[in-house]
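Have a look at the structure below, then the notes.
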Amino acid sequence: AAARAAQARRAREAAEQLGAQLTRAEAQQRRRDDANARLKASATTPAWLEKVTAAEARLGQAQAALRAGAATARITYDGPARALLDGAELPGDTETPLGETAVFTLPGIGRLTLRSGEGSDAGALARAAEAAAAELATLLRAGGVGSLAEARTAAQAHAEDRSAAELAGEMLKALAPEGLDHLRAMKAEAEAQAGTADTTEHPPLTELEAALEAATAAEDSARAALDAAMADLSRAREAAAAEGSARDAAARETGRAAAAAGPEEGQEDRRTAAARALALAEEAEAAAREQLDTLRRDAPDLDTLRADLTRARQAIDGVAAQRGRLRDTLLRATGHIRALADGAIEERRDELAGRLDAAQARAARLEAEVRALQRLRTALESTRSAARDAYFGPVRDELKPLLNILHAEAELSFDSDSMLPAALTRGAAEEAFDTLSGGTQEQIAILTRLAFARLFARQGRELPIILDDALVYSDDSRIVKMFTALTRVAFDQQILVFSCRQLAFQDLGGARPLIEVAETA
4 AAARAAQARR AREAAEQLGA QLTRAEAQQR RRDDANARLK ASATTPAWLE KVTAAEARLG
64 QAQAALRAGA ATARITYDGP ARALLDGAEL PGDTETPLGE TAVFTLPGIG RLTLRSGEGS
124 DAGALARAAE AAAAELATLL RAGGVGSLAE ARTAAQAHAE DRSAAELAGE MLKALAPEGL
184 DHLRAMKAEA EAQAGTADTT EHPPLTELEA ALEAATAAED SARAALDAAM ADLSRAREAA
244 AAEGSARDAA ARETGRAAAA AGPEEGQEDR RTAAARALAL AEEAEAAARE QLDTLRRDAP
304 DLDTLRADLT RARQAIDGVA AQRGRLRDTL LRATGHIRAL ADGAIEERRD ELAGRLDAAQ
364 ARAARLEAEV RALQRLRTAL ESTRSAARDA YFGPVRDELK PLLNILHAEA ELSFDSDSML
424 PAALTRGAAE EAFDTLSGGT QEQIAILTRL AFARLFARQG RELPIILDDA LVYSDDSRIV
484 KMFTALTRVA FDQQILVFSC RQLAFQDLGG ARPLIEVAET A
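Residue numbers (this note's numbering): 4 to 524.
Shown next, in the form of C-alpha cells:
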C-alpha cells in the first residue's frame, strides 16, 4: 500500500511539475511574441540611431561654421525707428549673419553698405545648416520622436526588446526543447498516469514511519530477550551436562572404590591406606579451595561482563537498524534520481553548460568592445585637445599684444566647450571670467573680437568690426587704452564705432561721418 501510495504521489508530482513547466514555457512564449511585435512596429534600430547621431553632428558642425565663418550684425533700438537689412527689418538684440555684401537702410540717416571681401557666403552656410536641420527632423519623425534624447531612449527600448525576445526564446527552448505541443502531450500523459494510479487513502507517511520505527524497536527488544533466553538455556544445558558427567564420574569412582576395596581380607590395611589417601586428598582439596577463592576474588564481576555483553549486542542491533534505515534512504534517493533522469536533467545541464560557454564568449566580445571604445575615447580626447590647441593658439597669439595694452603680462584662457573666455591670469593670480568687473569683462570681450578679426584678416578674410555703444563700463584711463587697441587694429581692419557719448569718444580719433543738408533750388 505504501508503494502504491508513493507511486500515486510521484505521478501527481510529475503532472504538477510538467504543468508548472508548461505554464512557464507559455509565459516565455508570450514575452517573446510581445517583444517581437514591438520590434516589428519600431523603427528605432541601432542603425537608425547612428544616422540620427550623424545628422545631429552635421547640424552642429553647420551651425558652428555659420557662427564662426559669417559676419554678424547686432542692433539695439532706443526708439520706434527700425533699420532694414537688404530691404527686410533688422531684428533687435539678435546676432544676424551677413553675406559678402550687406546693405543697411538707416531711417533719417541713409544707407550703409558693408562688404566682407572673399569670405564664406553666409547664405550658403545658412542653407547648409537648414538642410542639416531638415535631415535631422526627417529622421526623428521616422522614428516617432522629437529630440535626440528621445531617440536614444527609443533605441535603448528597442535594444531591450531585442534582448528580452532573445532571452525569452532561450528560456522557451530550455523549458520546451521539443516544443510546447510535446510538453503538453507529456503533461497529458502524466495526468493520465496520475488518474490511473492507486488513490487509496493511507495514513500519513510520518505515522507510518513512526509505527515502523516502533515495530523495529520492539523486534530488536524481542531479539535481545530471545538471545538472553537462548544463552540461559545453553547455560542450563551445560549445567545439566556437567551434573550428569559428575554423576557418571561418581559412579565410576564408586566402582573403582569397590574394585579397589577388593575382598574382605586385607580391608583394614586398605582402609588405613585409604584414610591416609583421604587425608592427603582433603589437604589437596583445601589447597584447591584456597586457590579457588583466590581466583574468585581476582575474577571480573559477572554482572559487569553481562552488562558489557548486553551493551555490545544493543550496539550491534542499533547498527543493523541504522543499516536498514540507510537502505530505505538509498532506495528513496535512487527513485528520486531516476525521476530526475526521466525529467532530462542531464540534457538541461548540458544545455546550461552550452549557454554558459555562449555567455562567456559574449562577455569576451563585450570586453574587447570596451577596450576598443576606451582606445577610441583616448584618441578622441587627444584629437580634441590637439584641435583645441590648434584653434585657440592663433587666437591667443593675436590677443596677447592687445591684452598687454590693458594688463601687462596677462594671459586669457578659453573654455573648450563653450568657446568663451574662461579666466584671466595676471601675474600669479588667476581670476575666473565671471568674477571680473563689468568693465573688465566688456574690455576682454571687445579685445577677443578684435583678435578674431585679425586672425581672419591674416587668412585673407577681412571682416568689418562694428561696435555699438561699447565701453560703457570703462573708466577714463582704461577707455584711452582701449582706444589705442582699436587704433592698432584699425591699421589693417575696418572698424565702425556707434556711440551717443561724443564727449567720452572724442579722443578715439579716426574719421567721423558728417551729414550735410544740401539746399535744393
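Quick reminder that beta carbons are idealized off the backbone N, C-alpha and C, glycines included. A quick note: this is a predicted structure, and the numbers were derived from the prediction, not measured.
Rounded distance between the beta-carbons of Asp-471 and Phe-501, thought under 8 Å: 4 Å
How many Å lie between Ser-123 and Val-106 at the Cα? No answer about Ser-123 holds up, because its pLDDT of 48 lies below 50 and its placement is not dependable.
Along the chain, which unbroken stretches of the alpha helix (DSSP H) at least 4 residues long are found entirely within the segment 38-72? 49-72
According to DSSP, is Ala-371 part of a helix, a strand, or is it coil? helix
Less than 7 Å between the C-beta atoms of Thr-47 and Ala-157, yes or no? When the beta-carbon positions are compared, Thr-47 and Ala-157 come within less than 7 Å of each other.
Cα-Cα, which of Asp-36, Leu-183, Trp-51, Ala-18 is closest to Ala-28? Leu-183
Taking the alpha-carbon of Leu-499 as reference, which of Ala-167, Pro-49, Ala-168, Ala-514 has the nearest alpha-carbon? Ala-514
Taking only the alpha-carbon atoms, compute the straight-line gap between Ala-289 and Leu-295 and give it to the nearest angstrom. 10 Å
Assuming Leu-427 and Ala-413 are in contact, meaning their beta carbons sit under 8 Å apart, how far apart are those beta carbons, in whole angstroms? 6 Å
Do the segment 30-44 and the segment 165-175 touch if we need at least three Cβ pairs shorter than 8 Å? yes
Endpoints, the beta strand (DSSP E) within which Ser-416 is located: 413-417
CB-CB under 7 Å to Asn-39, same chain, minus the five flanking residues each way: which ones, in chain order? Ala-168
So, are the CB atoms of Ala-324 and Thr-219 less than 7 Å apart? Going by beta carbons, Ala-324 and Thr-219 fall inside the 7 Å limit.
Identify whether Ile-447 lies in helix, strand or coil by the three-state DSSP scheme. helix
Just to confirm my understanding: we take Leu-42, look at its own chain, exclude 5 residues before and 5 after, and list those with CB closer than 8 Å. What are they? His-161, Asp-164, Arg-165, Ala-168
Since Pro-397 and Leu-458 should fall inside the 8 Å C-beta cutoff, what is the C-beta to C-beta distance between them, to a whole number of angstroms? 5 Å
Go ahead and label Thr-79 buried or exposed: buried means 16 or more other beta carbons lie within 10 angstroms of its beta carbon, across all protein chains shown. exposed
Buried or exposed: Met-233, going by 16 or more other Cβ atoms within 10 Å of its Cβ? exposed
State the Cα-Cα distance for the pair His-410 and Thr-108, rounded to the nearest angstrom. 39 Å
Would you decide whether Thr-451 is buried or exposed? Buried here means 16 or more other CB atoms lie within 10 Å of its CB. buried
Any idea what DSSP makes of Asp-311, helix, strand or coil? helix
For Thr-438, name the three-state secondary structure that DSSP assigns. helix
Between Asp-510 and Ala-68, what straight-line distance do the alpha-carbon atoms span, to the nearest angstrom? 37 Å
Taking all protein chains shown into account, decide if Ser-477 is buried (16 or more other Cβ within 10 angstroms of its Cβ) or exposed. Per the 10 Å Cβ criterion, buried.
Quick check on the burial criterion: 16 or more other C-beta atoms within 10 angstroms. Buried or exposed for Ile-468? When all chains shown are included, Ile-468 counts as buried.
Assuming Arg-118 and Thr-99 are in contact, meaning their beta carbons sit under 8 Å apart, how far apart are those beta carbons, in whole angstroms? About 16 Å; that fails the 8 Å criterion.
Can you give me the Cβ contacts of Leu-312 inside the same chain, cut-off strictly under 7 Å, excluding the 5 residues immediately before and after it? none
Taking Cβ positions, are Glu-92 and Leu-151 nearer each other than 7 Å? no
Within a Cβ cutoff of 6 Å, which residues of the same chain sit near Ala-193, ignoring the five residues on either side of it in sequence? Ala-17, Ala-18, Leu-21
CA-CA distance, Leu-87 and Gly-63? 29 Å
Tell me the residue span of the beta strand (DSSP E) that contains Ile-468. 468-471
Report the partner residues of Ile-498 according to the DSSP bridge assignment. Ile-468
Could you pull the start and end residues of the beta strand (DSSP E) that Leu-101 belongs to? Following the DSSP letters along the chain, one finds Leu-101 inside the beta strand (DSSP E) bounded by residues 99-101.
Helix, strand or coil for Leu-109? Go by DSSP, reduced to three states. Per DSSP, reduced to three states, the secondary structure at Leu-109 is strand.
Tell me, please, whether the CB atom of Arg-309 is closer than 7 Å to any CB atom in chain D? This model lacks chain D altogether, as it is built from one protein chain only.
By the three-class DSSP mapping on this structure, what secondary structure does Gly-147 have? Note: Gly-147 maps to coil in three-state DSSP.
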